[in-house]
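Colleague:
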Amino acid sequence: QDVELHPFDTDVNVDWPKPEKEYILSQKDVNAKTLKELLPHLRSLSEKEKLGSTPLSPFGLGESKSVDYVVMGATGFFGTKVVSLLKEQKKNFACMPQSVRLSNRKAIETYLDKWQPKYVINCAGTAGKPNIGWCESNQAETIDINVTGQLNVAEACRQRNIHCTLFGTGCLYYYDKDHPMGSGRGYTEEDKPNFTGNFYGRMRIVLEDLVKSYPNVLSLRIAFPIDGHMHPRSLVAKLLKYPKITSTPTSYTVMDSLFPLITSMAEKGLVGIYNFTNPGVTTNGDILRMYKKIVDPTHTWEDVETPQSSVPRAYSELNVSKLSKHFKVPSVTKAIALAFESAKKRDEAAC
């Protein structure tokens with residue numbers, strides 16, 4: 305009987321050679337399915353680093369039995385950011401193998417029992433391929449991943465008294481008479497979502513209602529995520545590809561300033577729903593103007609008016625008072641500027 309095993313699974317217990325610099329891989333090997341999954345982590349084999357108290361293998365699988373953190377969806381947009389931060393913060397962590405799907409609660413529980421973590425950060429989910437329009441024509445799969453799968457993780461953690469962090473969306477509202485554009489009156493976590501214009505968002509609302517029953521779950525609302533490292537799925541990386549830009553003031557999540565708070569939130573035992581955006585609002589056009597000023601003065605685009613529509617769009621200001629009670633969070637414009645300044649320094653250092 306064939307059994308699927310991750311090559312860096314601690315049960316396999318293979319002492320993989322650690323090269324002086326890095327592995328030499330043929331193009332065929334690079335394109336292989338297994339190596340595609342592991343490639344982001346292979347080069348760390350050559351680094352003699354201790355992350356927290358446990359030396360970690362390339363996929364974050366701890367050599368000791370227990371770890372403090374387990375990351376699910378470690379190779380995705382949010383997951384790679386979380387893994388990088390856990391390394392920077394020298395946390396003792398492990399990454400769930402990508403072969404363990406959200407629908408496979410038994411496999412999830414097996415790893416949780418093996419690693420006995422205090423905290424799980426679940427970055428796995430789908431926002432559609434290539435965009436949320438995919439969710440409209442793949443509704444059952446969307447439910448399986450973004451609702452049932454998330455609950456599998458939450459319940460497996462609840463049964464083991466493990467704190468569980470999930471990622472939701474902040475794009476659940478549009479400006480209305482009680483929260484008009486430019487008023488500064490943002491939507492709080494207690495306000496009922498009023499944007500139901502796509503299936504993806506409706507399922508996020510369903511999930512939020514359900515996880516309220518879990519005393520161990522922290523649900524973070526992300527809106528238009530900005531990554532100073534310019535991940536391809538970051539908002540700015542997308543905006544840079546467009547020759548024409550529309551602008552509506554809205555809330556944004558600047559990952560560089562907010563994601564480092566995730567471990568502190570878990571360790572403080574914070575649970576419930578949090579608007580996970582920076583204070584204030586800005587626009588796509590203003591973001592590109594900051595990018596042009598700080599990073600690339602040669603970048604050009606055309607500002608165009610947002611088309612008038614009777615159908616609301618998920619643009620709004622989120623109130624972050626709940627988050628600000630625990631942490632000092634920079635305004636959205638300041639956070640974006642800091643992220644761009646760091647990006648500029650990295651670019652200069654690479655030259």
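The opening position of the sequence shown corresponds to residue 305 in our numbering, with each subsequent residue numbered one higher. Just so you know, even glycine gets a beta-carbon here, dropped at the ideal spot from N, CA and C.
Can you tell me whether residue 469 is helix, strand or coil according to DSSP?
Modeller: In the structure shown, residue 469 sits in a strand (DSSP, three-state: E or B).
Colleague: In the DSSP assignment, what residue or residues form a beta bridge with residue 495?
Modeller: DSSP, once it has assigned bridges, lists no residue as partnering residue 495.
Colleague: Enumerated in chain order, which unbroken segments of the alpha helix (DSSP H) with a length of 4 residues or greater are wholly contained in the region 410-473?
Modeller: As far as the region 410-473 is concerned, its whole alpha helix (DSSP H) runs of at least 4 residues are 437-441, 443-447, 453-463.
Colleague: For residue 471 and residue 523, I'd like the C-alpha separation in whole angstroms.
Modeller: Their Cα atoms are separated by approximately 6 Å.
Colleague: Just the C-alpha distance for residue 399 and residue 390, rounded to the nearest angstrom, thanks.
Modeller: About 11 Å.
Colleague: Rank 586, 583, 625, 544 by C-alpha distance to the C-alpha of residue 606 and give the top, closest one.
Modeller: Cα-wise, what sits closest to residue 606 is 544.
Colleague: Between residue 515 and residue 655, what straight-line distance do the alpha-carbon atoms span, to the nearest angstrom?
Modeller: Rounded to whole angstroms, residue 515 to residue 655 spans 47 Å at the Cα level.
Colleague: May I ask you to verify whether the region 583-602 touches the region 639-650, counting CB pairs closer than 8 Å and requiring at least 3?
Modeller: Contact between the region 583-602 and the region 639-650 is present, because at least three Cβ pairs lie under 8 Å.
Colleague: Buried or exposed for residue 486, please, with buried defined as at least 16 other CB atoms from any protein chain shown within 10 angstroms of its CB.
Modeller: With fewer than 16 other Cβ atoms within 10 Å, it is exposed.
Colleague: Can you give me the start and stop residues for the beta strand (DSSP E) that residue 525 sits inside?
Modeller: First-last of the beta strand (DSSP E) with residue 525: 521-526.
Colleague: Give the DSSP-derived three-state secondary structure of residue 644 in the structure shown.
Modeller: The answer is helix: DSSP assigns residue 644 an H, G or I state.
Colleague: What residues match up with residue 622 in a beta bridge as DSSP calls it?
Modeller: Its beta-bridge partners are 491.
Colleague: Quick check on this structure: which residue in 562, 587, 591, 586 has the alpha carbon closest to the alpha carbon of residue 634?
Modeller: Checking every option, the nearest Cα to that of residue 634 belongs to 562.
Colleague: Closest by CA to residue 421, which one among 608, 410, 372?
Modeller: Residue 372 is the option with its Cα nearest to residue 421.
Colleague: Taking all protein chains shown into account, decide if residue 273 is buried (16 or more other Cβ within 10 angstroms of its Cβ) or exposed.
Modeller: In the structure displayed, the chain extends from 305 to 655; residue 273 sits before or after that span and is not available.
Colleague: What three-state label does DSSP hand residue 482 in the structure shown?
Modeller: Residue state, collapsed to three classes: coil.
Colleague: Quick one: grab the DSSP three-state call for residue 652.
Modeller: Residue 652: helix per DSSP, three-state reduction.
Colleague: Quick check: the region 498-512 against the region 547-558, are there 3 or more CB pairs under 8 Å?
Modeller: These segments do not touch.
Colleague: Who are the Cβ neighbours of residue 451 in its own chain at under 7 Å, not counting the five residues just before and after it?
Modeller: Hits under 7 Å: 507, 510, 511.
Colleague: Would the beta-carbon of residue 387 fall within 9 Å of that of residue 424?
Modeller: It is not a contact, given that the beta carbons lie outside the stated cut-off.
Colleague: Short of 7 Å in beta carbon distance, which residues of its chain neighbour residue 457, apart from the five on each side in sequence? Order them along the chain.
Modeller: Excluding positions up to five away in sequence, the list reads 376, 406, 412, 424, 426, 468.
Colleague: Suppose the cutoff is 7 Å on Cβ atoms and the five residues either side in sequence are ignored; what does the same chain contact list for residue 564 look like?
Modeller: The residues are 389.
Colleague: Please list, in chain order, all residues of the same chain as residue 577 whose beta carbon is under 7 Å from its beta carbon, the five residues on each side excluded.
Modeller: Correct list, in chain order: 493, 512, 523, 525.
Colleague: Please state the DSSP three-state secondary structure of residue 376.
Modeller: DSSP places residue 376 in strand when its eight states are reduced to three.
Colleague: Whose C-beta lies closer than 8 Å to the C-beta of residue 547 among residues of the same chain, with five residues either side of it excluded?
Modeller: The answer, listed in chain order, is 605, 606.
Colleague: For the beta strand (DSSP E) holding residue 397, just list the boundary residues, first then last.
Modeller: Note, residue 397: beta strand (DSSP E), 397-399.
Colleague: Could you tell me which uninterrupted alpha helix (DSSP H) segments, each at least 4 residues in length, are contained entirely in the region 568-638, listed from first to last along the chain?
Modeller: You should have 588-598, 625-628.
Colleague: Hey, out of 475, 476, 415, 495, whose CA is closest to residue 482's CA?
Modeller: The residue with the shortest Cα to Cα distance from residue 482 is 495.
Colleague: For a test of the three-state rule: what should DSSP assign to residue 384, helix, strand or coil?
Modeller: Reduced to three states, the DSSP call for residue 384 is helix.
Colleague: Taking all protein chains shown into account, do 16 or more other C-beta atoms lie within 10 angstroms of the C-beta of residue 435, making it buried, or fewer, making it exposed?
Modeller: Label assigned to residue 435: exposed.
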